[in-house]
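Here the structure is laid out as structure tokens; the discussion comes afterwards.
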Amino acid sequence: MIPAEFDYLAPDSLQEAIQALADGGEDAKLLAGGHSLLPLMKLRLATPALLVDLRKVPGLHGIERENGSWRIGAMTTHSELEHSEQLGVVARAAGTIADPQVRNRGTIGGSLAHGDPASDLPAVMLITEGSVTLQGPGGQRVVAANELFQDYMETAIEPTEVLTEVRFPVLEGWGFGYQKFNRRSEDWAMVAVCAVIQQTGDICEDVRVGLTHMGSVPLRATAVEEALRGQSLNAENIAKAAQEAAQGTSPPADLNASEEYKRHLARVLSRRALEEAAGLS
Amino acid sequence: MSVEPGGEVGGEITKIASEHAAQNGADAAAPSNHVGQAMRRKEDPRLITGRARYVDDITLPGTLWMAFVRSPEANAKIVSIDTSAAQEHPGVHAVFTGPDLTDLAGPLPMAWVPPGIEVNNPEHWPLAREHVRHVGDPVAVVLGVDRYGVVDAAEDVVVEYDALPAVTDPEAALEGPPYVHEQLGTNKVHEWSLPNDRLQAGFDEAEVVIERRVVNHRTAGAPIEPRGVLADYRAGSLTVWSSTQVPHFVRLFLAILLGMSEERVRVIAPEVGGGFGAKLQMTGEEVLAAWCSRKLGQPVKWIETRSENMAVNHQGRDQIAYCRMGAKRDGTITAFHVKIIADLGAYNMLLTPTIPALGAFVMSGVYKIPAVHTDVVGVFTNKCPTDAIRGAGRPEATHMIEVCIDQLAAELDMDLLELRRKNFVPSDAFPAEMATGVIYDSGDYDKSLDKLLEHVDLDAFRREQTELRQQGVYRGIGFSTYTEICGLAPTRVVGPEGFGNQAGFWESALVRVHNTGAVTAYTGASPHGQGHETAFAQIVADKLGVDPSVVEVVHGDTGTGPEGRNTYGSRSLAVGGESLARCAKKVADKARAIVAHQLEAAPEDIELRDGKFSVRGSPDRGMTLAEVAGAAYLNQVPEGMEPGLEETSFWEPENFVFPFGAHACVVDVDAETGKVKVVRYVAVDDCGKAINPMLIEGQVHGGVVHAIGQALYERVHYDESGQLITGTFVDYALPTAAELPSFELDRTETPSPVNSLGVKGVGEAGTIAASAAVTNAVIDAVRPLGVSYMNMPLTPMRVWEAISEAQGRKEGVSA
């Protein structure tokens, strides 16, 4: 509970932050809300030599709609997302993160850059088919959500890059559902399933399903999507499609959830999320 | 919301504080009926405005910080310890290991010497010597000027371990090896019984016998303030501030271990942020801080981290009980036999092997069972030691009884409340001698249950339950009708000549009336959040005709109150409160004599009325307590009487007290996922005469949450290699407000005849009652799915597995 010694910088500009990261090398870490990094440091599971705090860097906050997409500053808090209902499934998922204190400090950029497969927002980004903007010494690049998460807590972000904003298409007219299963409301998801559906009449035009904590990275449940796409959205078809939810997953087991139990949960929660997204529940 | 001073939050606190002052203010009239009022807590203004002083808030010049090197192994020989790199860290003054502590008078104490049985009690030193026996076992301490620096240096102490196989399952440990203490050649600590020679006859009479393996898994106390100690040895005297429930015990054992005379040691428990039994201990950390301060000539401070607290603060429960209950077809229970295998962890601490035995005294519950017999086998494992955690043996016992009663009702196909009522000790039987040999002081179990059923319409519930099942919602109800034994206690029963605890269990009090009429009341009880300062002030105020706001209650300091027996086992009010009441009465008697002398009346004609000691029949002739004190200190007292106005009392009860009650829990079980949601919790408790109903409600709330935590969420778990899996609050799942309904509380008042106040204890009652109510409710909910029995913790996966298995059985049968 006592972190190892570290240096601390709070630069006033993005360029200074990137420079500080470059100068700090492998032992430098960015600090956003701190609600993942600081507990790891207190347990000495992370021992960065330098923290570069983004709190003074301008331009990293806010939620804007632009050309059919949402553009969200990386330092936007979960609480701000939660209270922006127009963000649909993103707002819903953000509202389930931990507790109000964490949501008031934790940020969307910090959560995505941390790449924890048990966190709520990574799988949600997969199904919105969003992207993140990264700024590094060599300029700016955009990485799609499905390329961002590479392994357990490993992302495509280079050590000298800063995640500055998150973009995802406005899913106008799509229904959504979010089903998170945990023991206590403040816990990480044992399993969570997010779903969005575009329907015409009762026909499923398109569907995307995301799985949280069913592998070392967030996953798309493509077998469920394929089973439902083009079908009529009734309880029977949804239940049938949801049976495919655990296909190809290798969920990490722990004291409170075996692999088998997690696969079962993925199927139950997929059905519930899809029913919710289709307006059946 | 603003948190600026004077902003919304600050303003609200100011408002509460001023209302508090007005409510309890000295200007208010002083009626003599503060007892029974839901007075706001005198403690709260300082607590909610951040003005309380905990150990960590106390700093002395020249203080050195102490950090621990702890074993990552569950069972290992220490091959070597290299402290040289740590010694070279800047600011480090010293590093000590086990062999350095050669001048300690002995190992850490275990205070139970039961007559007639052997207890294996291997040496347990504050720093391990040659061998570590659980994860977190301390190996070295580093002392230095900086709190962070000592932790860095501790990481550079290099310890080479020769790791050995560990044993974590108590039943496997009994079969041994491996042995936790190789030299013993066994992992058995002790065998103890509270026997009953009618047991066989009881089972012979039985027409139905149920047998269940009832598991009370291991839990943590998890106080919000971890432990901490600041020790200052100078000029031959030692002062220790410790976050403890038992400053007087700590003083005694520090004196013994350090070879000091007891009066040269002063132990102060300042504000203590929760104990739950976890701070009823004489810890190695306290000994080390004191020893290092003497060795180095500087104050030494250690503040426990949460990680340390989860790994090494003693834990509780961890009992596997084989229960047999026999009954006639009409529901008359004829015999109850319990064999407890108690996992005591790696060492005996202060009371470790005593704890499972404590449940035996209430193994009859609220029922007139003619034959009740308890056997206890204590077992060493490579885990943190267990000891007292809120309820200490009685939650386990109640859980066994109340779960078995429901199982028996199902077996007999009998209404579970009718079965209970049929076996209740009747209200006219008190004081009631039980088959366990104890005498229940007072009780009215039908009244509790009747009161509970005023809140819970069971017929309506059953109709609703049936309807909900048709919609796929599995709702269940569970009951727990309980009693417990508290108010420790008559020394002849629990002391050296009786049960074998090496202490007397009286409590001390001193009441001093100042010249101003203000009162200071000293108690040997040592609260850690309960509200003693409020309740005790109410008691003393009524005896002396003053407002509770002018009664200051002083506690937890062996310097101001050298003798005390502290706070545990729900004893403070029934023993310490009564002692203060008797002491205040002595003061009042003296005041009457002084007033009689001053007003030339007979002492027996002086009555306390409307805040004045006045002559009966002439209410205008009287003196306030301040006027009496003025006379007492001017030596205007009757001839032969000493001047001054203060008295001392030591008091010990003749019997324990036995709180009781009836609880009901309603849960919904998601049959697809196994997740349990507590929908309703109704508690009717009887703790005798209520001193402050609000404090009682607070204790019941906390107690019930503690047990709901055990039933559904909390669990200390070690893997097979002895690694602690639940070392943080992420994995050790304390329930939060979000998981819980608003509790519905009610009371009955059946005074205890054991003390003049008529009071019993309530600090543990909720914890003792609730885990069975929750468990019974979950089983009731899933019974139609084919599940008839489950053990705690009822986690979603466990419930889902039980349902799946039952459904599998059904399919198997139909296939």
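Protein chains in written order, with the working numbering: chain S, 1 to 281; chain P, 1 to 815. Where a beta carbon is used, it is the ideal one built from N, C-alpha and C, also for glycine.
Going by beta-carbon coordinates alone, are Ala273 of chain S and Cys204 of chain S separated by less than 9 Å?
Here residue 273 of chain S is taken as the residue at index 273 of the first sequence, counted from 1. Here residue 204 of chain S is taken as the residue at index 204 of the first sequence, counted from 1. For Ala273 of chain S and Cys204 of chain S, no; Cβs fall outside 9 Å.
So, are the CB atoms of Val377 of chain P and His190 of chain P less than 9 Å apart?
Here residue 377 of chain P is taken as the residue at index 377 of the second sequence, counted from 1. Here residue 190 of chain P is taken as the residue at index 190 of the second sequence, counted from 1. Against a cut-off of 9 Å, the Cβ pair of His190 of chain P and Val377 of chain P comes out as a contact.
Judging by CA-CA distance, which residue of S:Ala156, S:Tyr152 and S:Asp116 is the nearest neighbour of Thr133 of chain S?
Sequence index remark: in the first sequence, residue 133 of chain S carries index 133 (1-based). Closest option to Thr133 of chain S, Cα to Cα, is S:Ala156.
If you run the structure through DSSP and keep just helix, strand and coil, what is Tyr522 of chain P?
Numbered from 1 along the second sequence, position 522 holds the residue referred to as residue 522 of chain P. Strand.
Which ranges does the beta strand (DSSP E) cover as unbroken runs of at least 3 residues, wholly within the stretch 64-133 of chain S, from first to last along the chain?
69-73
Buried or exposed (CB count within 10 angstroms, at least 16 for buried), Phe729 of chain P
Position 729 of the second sequence, counted from the start, is the residue given in the question as residue 729 of chain P. Burial call: exposed.
Contact with chain S by Met400 of chain P, beta-carbon distance below 9 Å:
Sequence index remark: in the second sequence, residue 400 of chain P carries index 400 (1-based). Not an interface residue.
Considering only their Cβ atoms, is the gap separating Thr239 of chain P from Ala231 of chain P smaller than 9 Å?
In the second sequence, counting from the first residue as 1, residue 231 of chain P sits at position 231. In the second sequence, counting from the first residue as 1, residue 239 of chain P sits at position 239. Result yes, Cβ atoms of Ala231 of chain P and Thr239 of chain P sit closer than 9 Å.
Can you grab the Cα-Cα spacing for the pair Ile401 of chain P / Thr436 of chain P, in whole Å?
Here the question's residue 401 of chain P lines up with position 401 in the second sequence. Here the question's residue 436 of chain P lines up with position 436 in the second sequence. Distance between the alpha carbons of Ile401 of chain P and Thr436 of chain P: 14 Å.
Work out the CA separation of Ile725 of chain P and Ser270 of chain S for me, nearest whole Å.
Mapped onto the first sequence, residue 270 of chain S falls at position 270. Mapped onto the second sequence, residue 725 of chain P falls at position 725. In a straight line, the C-alpha of Ser270 of chain S is about 30 Å away from that of Ile725 of chain P.
Integer Cβ distance of Val628 of chain P from His597 of chain P, believed to fall under 8 Å:
In the second sequence, the residue the question calls residue 628 of chain P occupies position 628. In the second sequence, the residue the question calls residue 597 of chain P occupies position 597. With 8 Å as the limit, Val628 of chain P and His597 of chain P do not qualify as a contact, their Cβ atoms being about 10 Å apart.
Excluding sequence positions up to five away, which residues of its chain have a Cβ less than 8 Å from the Cβ of Glu147 of chain S?
Here residue 147 of chain S is taken as the residue at index 147 of the first sequence, counted from 1. Closer than 8 Å at Cβ, skipping near neighbours: Ala156.
In angstroms, rounded to a whole number, what distance separates the CA positions of Arg266 of chain P and Glu285 of chain P?
In the second sequence, residue 266 of chain P corresponds to position 266, counting from 1. In the second sequence, residue 285 of chain P corresponds to position 285, counting from 1. Approximately 17 Å between the Cα atoms of the pair.
Can you round the beta-carbon distance between Ile485 of chain P and Val551 of chain P to whole angstroms, since I take them to be within the 8 Å contact cut?
Here residue 485 of chain P refers to the residue found at position 485 of the second sequence. Here residue 551 of chain P refers to the residue found at position 551 of the second sequence. Contact doesn't hold; Cβ gap of about 30 Å is too wide.
Shortest alpha-carbon distance to Thr63 of chain P belongs to which of P:Leu47, P:Asp44 and P:His93?
Position 63 of the second sequence, counting from 1, holds the residue named residue 63 of chain P. Looking at the Cα atoms, P:His93 is the closest of the given residues.
Would you report the Cα separation of Gly688 of chain P and Leu351 of chain P, rounded to the nearest angstrom?
Against the second sequence, residue 688 of chain P aligns to sequence position 688. Against the second sequence, residue 351 of chain P aligns to sequence position 351. Those two C-alpha atoms are separated by around 28 Å.
Runs of alpha helix (DSSP H) wholly within the stretch 179-224 of chain P (minimum 4 residues, chain order):
199-205
Considering Cα atoms alone, identify which of P:Pro138, P:Ala255, P:Lys77 and P:Arg582 is closest to Tyr161 of chain P.
Position 161 of the second sequence, counted from the first residue, corresponds to residue 161 of chain P. Ranking P:Pro138, P:Ala255, P:Lys77 and P:Arg582 by Cα distance to Tyr161 of chain P puts P:Lys77 first.
Pick out the complete beta strand (DSSP E) segments inside the stretch 96-125 of chain P, 3 residues or longer, and give them in chain order.
none
For Leu705 of chain P, report the span of its alpha helix (DSSP H) as first-last.
As a first step, residue 705 of chain P is located in the second sequence; it is residue number 705 there, counting from the start. At residue 705 of chain P the sequence reads Val, which differs from the Leu that was named. Element bounds for Val705 of chain P: Pro693 to Ile708.
Would you please state the rounded distance, in angstroms, between the beta carbons of Pro741 of chain P and Arg680 of chain P? I believe it to be under 8 Å.
Taking the first residue of the second sequence as position 1, residue 741 of chain P is located at position 741. Taking the first residue of the second sequence as position 1, residue 680 of chain P is located at position 680. With a Cβ gap of about 6 Å, Pro741 of chain P and Arg680 of chain P count as contacting.
Could you tell me which whole alpha helix (DSSP H) segments of length 4 or greater appear in the stretch 759-815 of chain P?
765-782 and 796-814
Would Glu805 of chain P pass as an interface residue toward chain S - the criterion being a Cβ-Cβ separation below 9 Å?
Along the second sequence, one-based indexing puts residue 805 of chain P at 805. No - not a single Cβ of chain S is within 9 Å of the one on Glu805 of chain P.
Can you find a CB in chain P that lies within less than 9 Å of the CB of Arg2 of chain S?
As a position in the first sequence, residue 2 of chain S is number 2, starting the count at 1. The question names Arg, but residue 2 of chain S is Ile in the sequence shown. It does; some Cβ of chain P falls within 9 Å.
Using only the alpha-carbon positions, how far apart do Gly498 of chain P and Ala357 of chain P sit?
Counting from 1 along the second sequence, the entry for residue 498 of chain P is found at position 498. Counting from 1 along the second sequence, the entry for residue 357 of chain P is found at position 357. Their backbone Cα atoms lie some 13 Å apart in a straight line.
Since Asn256 of chain S meets chain P, which of its residues come closer than 7 Å, beta carbon to beta carbon?
Locating residue 256 of chain S in the first sequence gives position 256, counting from the first residue. In chain order: Thr795 and Met797.
If we count the other Cβ atoms within 10 Å of its Cβ and call it buried at 16 or more, is Pro90 of chain P buried or exposed?
Sequence index remark: in the second sequence, residue 90 of chain P carries index 90 (1-based). Pro90 of chain P is exposed by the Cβ-count criterion.
Along the beta strand (DSSP E) that carries Gln198 of chain S, what are the first and last residues, could you check?
Within the first sequence, numbered from 1, the residue matching residue 198 of chain S stands at position 198. Val191 to Thr200 is the extent of the beta strand (DSSP E) around Gln198 of chain S.
Between P:Val595, P:Asp610, P:Gly500 and P:Lys612, which lies nearest to Glu604 of chain P when the distance is taken from Cα to Cα?
Mapped onto the second sequence, residue 604 of chain P falls at position 604. Selected option, being the one with the closest Cα: P:Val595.
Assign Glu172 of chain S to buried or exposed, taking buried as 16 or more other Cβ atoms, counted over all protein chains shown, within 10 Å of its Cβ.
Here residue 172 of chain S refers to the residue found at position 172 when the first sequence is read from its first residue. Exposed is the call here.
Taking only three categories from DSSP, how would you classify Asn313 of chain P?
Here residue 313 of chain P refers to the residue found at position 313 when the second sequence is read from its first residue. Coil, per DSSP.
Look at the alpha carbon of Tyr474 of chain P and the alpha carbon of Ile81 of chain P, and state the distance between them as a whole number of angstroms.
Within the second sequence, numbered from 1, the residue matching residue 474 of chain P stands at position 474. Within the second sequence, numbered from 1, the residue matching residue 81 of chain P stands at position 81. For Tyr474 of chain P and Ile81 of chain P, the distance between alpha carbons rounds to 58 Å.
Do you know how far the Cα of Ser281 of chain S is from the Cα of Ser275 of chain S?
As a first step, residue 275 of chain S is located in the first sequence; it is residue number 275 there, counting from the start. As a first step, residue 281 of chain S is located in the first sequence; it is residue number 281 there, counting from the start. Residue identity differs from the one stated: residue 275 of chain S is Glu in this sequence, not Ser. One C-alpha to the other measures close to 6 Å.
Does the beta carbon of Pro72 of chain P come closer than 9 Å to any beta carbon on chain S?
Taking the first residue of the second sequence as 1, we reach residue 72 of chain P at position 72. Not an interface residue.
Coarse secondary structure for Pro137 of chain S, derived from DSSP in three states
By 1-based counting over the first sequence, the position of residue 137 of chain S is 137. Three-state DSSP puts Pro137 of chain S in coil, outside helix and strand.
Taking C-alpha atoms, which residue in S:Ala235, S:Gly138 and S:Ala10 lies nearest to Gly279 of chain S?
Within the first sequence, numbered from 1, the residue matching residue 279 of chain S stands at position 279. Answer by Cα proximity: S:Ala235.
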